[in-house]
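The structure appears below as structure tokens.
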Amino acid sequence: MWEKAANLRKVMKERRVKKTAGESCVELGGSIHKFFSGYDSRADYEGIYQLLDVLSLHMELVNM
């Protein structure tokens with residue numbers, strides 16, 4: 001399997017095809033925040049960690 005992946009990457013490089021970066025999305029306060037591989041915007045982290053804390057507490061309260 002890894003050989004096929006390596007071969008595909010080689011062909012992509014030869015043809016100068018760039019891989020699209022993976023992304024994740026989070027909705028926070030009515031805004032959608034997108035994060036890409038290698039993304040580093042610490043300004044967004046605070047709100048996201050607050051949301052994760054709320055979700056964690058909620059899960060504890062409903063015994064998940």
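If you count by this note's numbering, then the sequence shown holds residues 1 to 64, one letter each, in order. All residues carry an ideal CB built from backbone N, CA and C; glycine is no exception.
Boundaries of the alpha helix (DSSP H) in which residue i is found, first to last residue
{"i": "Val-11", "result": "2-14"}
Residues bridged to residue i (per DSSP)
{"i": "Ser-31", "result": "Leu-28"}
{"i": "Glu-23", "result": "Phe-36"}
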